[in-house]
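Line by line, the protein sequences give chains Z and X. In short: position in the first sequence from 1, add 451, done, that's the numbering used here. In short: position in the second sequence from 1, add 25, done, that's the numbering used here.
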Amino acid sequence: MAANDYALEAQHLKKIYRRGSEEILAIDDVSLSVRKGEFVAFVGPSGSGKTTLINLLGCLDNATTGSLRIGARTVFSAERCLSESELTRIRRQVFGYIFQKFYLVPTLTVLENVLLPFAFFRKPEATGDPMEILKFLGIDNRIHHRPAEISGGEMQRVAIARALVNKPEILLADEPTGNLDTKRSEEIGAILKSLNEKEGLTVLLVTHNPGLAKVAHRTVTLRDGKIV
Amino acid sequence: MKEKISISQVAYKNLLRKKTRSALTILGIGLSAWVLASLLGFNRGYESALSKDIDNMGFQVLVTAKGCPYEAATLMLKGGTGLRYMNESVIADILKHKEVEKVTPMLMQAVFDPNKGESGGISAYLGVDPATYPEMKTFLKFKQGGWFKDASAHEAVLGYEAAELEQREVGDKILVPEKNIEYTVVGIMTRSGTQDDGTIFVPIGTLQKDFGQEGKVTAVGIKVDKKANMTELENKLYDLPDVQVVSMAQVKNTIMSLVSTAKVMVFSIALIAILIAMIGVINTILMSVFERFQEIGIIKSMGAMPKDVFQMIWTETVILCLLGGVLGIGLSFGLAKITDLLIRRLLPYTPTGSLIVVNTQLSLLTLAAVLVIGLVSGIYPAWRASRVRPLESIRSEGD
Chain Z
452 MAANDYALEA
462 QHLKKIYRRG
472 SEEILAIDDV
482 SLSVRKGEFV
492 AFVGPSGSGK
502 TTLINLLGCL
512 DNATTGSLRI
522 GARTVFSAER
532 CLSESELTRI
542 RRQVFGYIFQ
552 KFYLVPTLTV
562 LENVLLPFAF
572 FRKPEATGDP
582 MEILKFLGID
592 NRIHHRPAEI
602 SGGEMQRVAI
612 ARALVNKPEI
622 LLADEPTGNL
632 DTKRSEEIGA
642 ILKSLNEKEG
652 LTVLLVTHNP
662 GLAKVAHRTV
672 TLRDGKIV
Chain X
26 MKEKISISQV
36 AYKNLLRKKT
46 RSALTILGIG
56 LSAWVLASLL
66 GFNRGYESAL
76 SKDIDNMGFQ
86 VLVTAKGCPY
96 EAATLMLKGG
106 TGLRYMNESV
116 IADILKHKEV
126 EKVTPMLMQA
136 VFDPNKGESG
146 GISAYLGVDP
156 ATYPEMKTFL
166 KFKQGGWFKD
176 ASAHEAVLGY
186 EAAELEQREV
196 GDKILVPEKN
206 IEYTVVGIMT
216 RSGTQDDGTI
226 FVPIGTLQKD
236 FGQEGKVTAV
246 GIKVDKKANM
256 TELENKLYDL
266 PDVQVVSMAQ
276 VKNTIMSLVS
286 TAKVMVFSIA
296 LIAILIAMIG
306 VINTILMSVF
316 ERFQEIGIIK
326 SMGAMPKDVF
336 QMIWTETVIL
346 CLLGGVLGIG
356 LSFGLAKITD
366 LLIRRLLPYT
376 PTGSLIVVNT
386 QLSLLTLAAV
396 LVIGLVSGIY
406 PAWRASRVRP
416 LESIRSEGD
């Protein structure tokens, strides 16, 4: 497979947190490649390093050692660590994020929440109509409602729409169904699968939910910061 | 379909989350802005009201005998004693100077009136020349009657308060205690807010004769030619023997320096109010930043740069301050009269005109000051917010 077929490639990633004199090895020598258009689920018990790994892969943090390539670009390596601003530039170009908590701005309407990334940055290729995304996610009839006026499932869909509006290459979803019931979780799983299949979006999913993990092409299991 | 949202819109809507808190902060800023606008208005208003009062005296320079009290209030304080006299010939000497446009002689006399107040008091009589004095004090208006015409008539004109105190109307007689002389009241003035209100005016010739001061005056009021050099004239007048020259500009300076003490006090209060408002703004915005710590992190994960977050939080501060500033300016216009009354109670001497003059220029100045306060207050919370790392907010989600 050609190098540019990969959405990201991580080599020997290690992340050590320091708490006083104590060192905590959160990620221990993880190497991983994700193909473009691949749907990968990260599973494992609490504290296994799923979120830490996805944060490193999603350029939300620098690794202590190791290297990461996003497409053809080296993000960090042994020689180079990125500043917060540099990480931000990559994030706005490449990633869309969904979290367990939806973090919608309560005083903005659904549509305004979806448009919020445009207040800070709009990718040149993000020319599509945000209404199409809202329609695809089935919440186009709720655009003038505030977050408090819609259900948890709908709130997560708004968060997904917000993550998609800037046309990301990779969608990072960290426990996106953690606050939802089974039915809503299945709906979100179906949406992520559909985005992957129909839009060709690369999806990295962290979940405790085995049912949701099944939606992915590949499951990566972590324990004590290592892939097992 | 609207496809845009600006940082300012987001900032404005953020303030709507805690409406009561935002409203209270705006109120705090508004009250500070009110104090500031009123103070600036007072600075301007007091001086202009004082200048107007001094202009209303009708003359710019007063020549008196050395050591002689030149206003009724001082005379009262001295128990009606301490009067010094000049010969009428001084008038001719004064008129020799080309800078002098008009002069009017005056003779002040004081008499103890046992019927005044509870234990008696001093009544001040001012002998004035009916030919020149009314001409200089054209702003004095009459409630009843008018000026006496004859310089030797046994007639009197009462100031508004003097008439109230003596319970006299035009046609009534007024008795000078100790002297057993009666004057017929021919005029009662409207309130002028000056010392004229408490004065009993009598023709100067009559007063000189009745008080045994023929050929004497206590003061000469001088109206100076508009083009003349006031300081030069004052220096020339000091060449006259045993006189003191009171320039109304000096009087104004003296009063202004007395008032400056009160101003310092009010300025201090305003400064404290502004500091409290600033701390209130910092507290409000900082609390709001801490409450939205995770949300700010998420915004940064969306691609917001530190400067974007800084701008968003700074804009929130500026919006609060602008709204507070507008409220404060509104209050300063709406409550100008009440503030005026409060200041009058605070100060020992206040001129008659409006003490607080708030205008567009002053409003803009206040708004600019409040805006600067907002910009300064917003720096720290905005800086704190801009330093929030997305990871910190996400990590708290647990793993």
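Glycine is no exception: its CB is placed at the ideal position from the N, C-alpha and C atoms. This one's a predicted model, so the numbers in the text were calculated from it and none came from an experiment.
According to the DSSP assignment, Lys465 of chain Z belongs to the beta strand (DSSP E) that extends over 457 to 470. As DSSP reads the structure, Thr653 of chain Z sits in a beta bridge with Z:Ile621. Leu108 of chain X and Phe167 of chain X have their C-alpha atoms some 29 angstroms from each other. Straight-line spacing of the CA atoms in Val494 of chain Z and Ala58 of chain X works out to 58 angstroms.
Under DSSP, Ile32 of chain X takes part in no beta bridge, so it has no partner. In this structure the region 461 to 481 of chain Z touches the region 496 to 506 of chain Z; the number of beta carbon pairs closer than 8 angstroms is three or more. If you look at Glu537 of chain Z, you'll find it in the alpha helix (DSSP H) that goes 535 to 545.
Excluding five sequence positions before and after Lys77 of chain X, the CB atoms of its chain that fall closer than 8 angstroms to its own CB belong to Pro376, Thr377, Gly378, given in chain order. Neighbourhood of Leu416 of chain X in chain Z, by CB distance below 9 angstroms: Asn506, Leu511, Asp512, in chain order.
Burial state of Phe137 of chain X is exposed, judged by a 10 Å Cβ sphere holding fewer than 16 other Cβ atoms. Taken atom to atom, the span from the alpha-carbon of Ser285 of chain X to that of Lys198 of chain X is near 44 angstroms.
If you draw a straight line from the Cα of Val545 of chain Z to the Cα of Ser402 of chain X, it is about 36 angstroms long. One thing to note: Val561 of chain Z has its Cβ no nearer than 8 angstroms to the Cβ of Ile584 of chain Z. Taking a C-beta cut-off of 8 angstroms against chain Z, the contacting residues of the region 302 to 329 of chain X are Gln319, Glu320, Ile323, Ile324, Lys325, Ser326, Met327, Gly328, Ala329, listed in chain order.
Boundaries of the beta strand (DSSP E) around Pro228 of chain X: 225 to 228.
Arg542 of chain Z reaches chain X at Lys325, Ser326, Met327, Gly328, Pro415, counting residues in chain order whose Cβ is nearer than 9 angstroms. Listed in chain order, the positions of the region 458 to 478 of chain Z with a beta carbon within less than 7 angstroms of a beta carbon of chain X would be empty, since no residue qualifies.
Listed in chain order, the positions of the region 27 to 38 of chain X with a beta carbon within less than 8 angstroms of a beta carbon of chain Z are Lys27, Glu28, Lys29, Ile30, Ser31, Ile32, Gln34, Val35, Lys38. The beta carbons of Ala329 of chain X and Phe571 of chain Z sit closer together than 8 angstroms. Using a Cβ-Cβ cut-off of 8 angstroms, Asp78 of chain X does not count as an interface residue toward chain Z, since no Cβ of chain Z sits closer than that to its own. By the neighbour-count criterion, in which a residue is buried when 16 or more other Cβ atoms sit within 10 angstroms of its Cβ, Lys91 of chain X is exposed. Sequence-ordered contacts of the region 38 to 57 of chain X with chain Z read Lys38, Asn39, Leu40, Leu41, Arg42 [C-beta pairs closer than 9 angstroms].
Excluding five sequence positions before and after Lys162 of chain X, the CB atoms of its chain that fall closer than 6 angstroms to its own CB belong to Gly83, given in chain order. The C-beta separation of Leu656 of chain Z from Leu646 of chain Z comes to about 11 angstroms, leaving the pair out of contact by the 8 angstroms criterion.
Between the alpha carbons of Tyr158 of chain X and Tyr263 of chain X lies a distance of about 23 angstroms. Just measuring C-alpha positions, the residue of X:Gly146, X:Ile225, X:Thr219, X:Asp221 sitting nearest Arg193 of chain X is X:Ile225.
Here Asp267 of chain X is exposed. Its C-beta has fewer than 16 other C-beta atoms within 10 Å. If you check the CB distance, Leu345 of chain X and Leu40 of chain X come in under 8 angstroms. Close CB contacts of Ile32 of chain X within its chain, under the 8 angstroms cut and outside five residues either way in sequence, are with Asp333, Gln336, Met337, Thr340 (chain order). Comparing alpha-carbon positions, the option among X:Val211, X:Val125, X:Val115 lying closest to Pro155 of chain X turns out to be X:Val211.
Selection Z:Ala461, Z:Tyr548, Z:Asn506 evaluated against Val485 of chain Z yields Z:Ala461 as nearest (Cα-Cα). Using a CB distance cut-off of 8 angstroms, Pro331 of chain X counts as an interface residue toward chain Z. The beta-bridge partner set that DSSP reports for Thr525 of chain Z consists of Z:Arg520.
According to DSSP, Pro130 of chain X shares a beta bridge with X:Val245. With respect to the C-alpha of Ala36 of chain X, the residue from Z:Glu648, Z:Thr539, Z:Leu567, Z:Asp456 having the closest C-alpha is Z:Leu567. In chain order, Met330, Pro331 make up the part of chain X whose C-beta sits under 8 angstroms from the C-beta of Ser536 of chain Z.
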